[in-house]
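K.L.:
If you're matching them up, the sequences are chains A and B in order. Read in order, the letters of the first sequence are residues 1 to 150 in this note's numbering. Read in order, the letters of the second sequence are residues 1001 to 1079 in this note's numbering.
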Amino acid sequence: MSSREKHIVVTLACFSLLLGYYLVNWIRMYQTVGLDQTTIFRLWATVIIVGIVVVIVGTILTYIGSNVVHAIKTGREEAEPMVEDERDKLIELKGEYAAYIVFSLGVFIAMLSFVFGQPALMMFSLIVLFSLLAQIVGNISELVRYRKGV
Amino acid sequence: MEKRRVHNNIRKLRFFQNEMTQEELAEKTGVTRQTINAIESAKYSPSLELAFKIALVFGVPLEEVFSYTTEDKATETVK
């Protein structure tokens, strides 16, 4: 597994946990107080900030962890080269394409909910949900292409 | 419907080049070892630039590294 694949696995795991956290808290809020503006905004902010922090920390930890493993395996002290070559860029592009499709679908569904009389808070909740799903789908698409080929 | 295939002799050429490893070839061509592995396994078709770089490393023409056949041609050969 290349360093890029390891990074994708870590990002996928983080965003899956984040999605789970978001869904659990959103459903709990909806069942107790309904669509409460303050609670939803707090949930969005938490998801966005945690997402950013987790990706940064995850990237750093993946880099450190993979270099430690590389040093143990090869007995060399120099870091594993973090090269992003043409294949990595192509797979990243195709992953972004898959994520874009999911996010576009999410925006469409969010707009539909608004058209059918749901409040604006529901629309924005759906957009946040699909943005998390898009990231996950993009990561899965990249991993599949790394395994099966481009 | 014809099916296009890009074949390569990289593994054989590496062997005859003092048993060059995938990692060595990757370093010389500026890509990762996984990309070289993917090319050898026909899971990835390299760009023209990378294909030329690989041929240059082995010191052979491009046609000796990569070949291109369609399913129709393969069927004709069998006939």
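Cβ atoms here follow ideal geometry from the backbone N, Cα and C, with glycine treated the same way.
Could you check the C-alpha separation between V33/A and I40/A for me, to the nearest Å?
P.N.:
Their backbone Cα atoms lie some 11 Å apart in a straight line.
K.L.:
Does DSSP put N1080/B in a helix, a strand or coil?
P.N.:
With chain B running from 1001 to 1079 in the structure shown, residue 1080/B is simply not present.
K.L.:
Just tell me which of G51/A, F15/A, E84/A, L121/A has its CA closest to the CA of E5/A.
P.N.:
Nearest C-alpha to E5/A: E84/A.
K.L.:
Can you tell me which of the three DSSP states Y146/A falls into?
P.N.:
Note: Y146/A maps to helix in three-state DSSP.
K.L.:
When DSSP labels each residue in this structure, what does K1067/B get in the three-state scheme?
P.N.:
Before going on, a small fix: residue 1067/B reads as Ser here, not Lys. Of the three classes helix, strand and coil, the one that applies to S1067/B here is strand, per DSSP.
K.L.:
Who are the Cβ neighbours of T1077/B in its own chain at under 7 Å, not counting the five residues just before and after it?
P.N.:
With a pLDDT of 42 at T1077/B, under the threshold of 50, the modelled position of that residue is not reliable, and the figure given next carries that caveat. Counting only Cβ-Cβ distances below 7 Å, and skipping sequence neighbours, we find nothing.
K.L.:
Going straight from the alpha carbon of G65/A to that of F15/A, what length do you get?
P.N.:
Taking the straight line joining both Cα atoms gives about 19 Å.
K.L.:
Assign Q135/A to one of three DSSP states: helix, strand, or coil.
P.N.:
Q135/A: helix per DSSP, three-state reduction.
K.L.:
Could you confirm whether any beta carbon from chain A is found closer than 9 Å to the beta carbon of P1046/B?
P.N.:
Yes, P1046/B lies at the interface with chain A (some Cβ there is under 9 Å from its Cβ).
K.L.:
Which chain B residues are close to E142/A, counting only those with a beta carbon under 9 Å from its beta carbon?
P.N.:
The premise fails here: E142/A is roughly 13 Å from chain B at the closest Cβ pair, so nothing lies under 9 Å.
K.L.:
With three or more beta-carbon pairs closer than 8 Å as the criterion, would you say the segment 106 to 121 of chain A touches the segment 51 to 68 of chain A?
P.N.:
Too few Cβ pairs lie closer than 8 Å, so no.
K.L.:
Please say whether Y63/A and S3/A have beta carbons closer to each other than 9 Å?
P.N.:
A contact, by the Cβ cut-off of 9 Å.
K.L.:
Using 10 angstroms around the beta-carbon of G95/A, count the other beta-carbons present and answer buried if the total reaches 16, otherwise exposed.
P.N.:
So G95/A counts as buried.
K.L.:
Within this structure, are the beta carbons of T1021/B and R1014/B separated by less than 9 Å?
P.N.:
Contact flag set, yes.
K.L.:
Below 8 Å, how does it come out for the segment 135 to 142 of chain A and the segment 1028 to 1042 of chain B: are there three or more Cβ pairs, yes or no?
P.N.:
Contact between the segment 135 to 142 of chain A and the segment 1028 to 1042 of chain B is absent, because fewer than three Cβ pairs lie under 8 Å.
K.L.:
Among the candidates V102/A, M1/A, V144/A, V57/A, whose CA atom is the shortest distance from the CA of H70/A?
P.N.:
Cα-wise, what sits closest to H70/A is M1/A.
K.L.:
Taking Cβ positions only, does Y63/A come closer than 9 Å to chain B?
P.N.:
With 9 Å as the cut-off, Y63/A does not count as an interface residue toward chain B.
K.L.:
V24/A to H1007/B, Cα distance in whole Å?
P.N.:
For V24/A and H1007/B, the distance between alpha carbons rounds to 50 Å.
K.L.:
If I'm right that L35/A touches L121/A with Cβ under 8 Å, what's the distance once you round it to whole angstroms?
P.N.:
Their Cβ separation, rounded to whole angstroms, is 4 Å, which keeps L35/A and L121/A in contact under 8 Å.
K.L.:
For K1053/B, which residues of its own chain have a beta-carbon under 6 Å away from its beta-carbon, when the five flanking residues on both sides are left out?
P.N.:
T1029.
K.L.:
Please compile the residues from chain A whose C-beta is within a distance smaller than 8 Å of the C-beta of K1043/B.
P.N.:
Correct list: K148, G149, V150.
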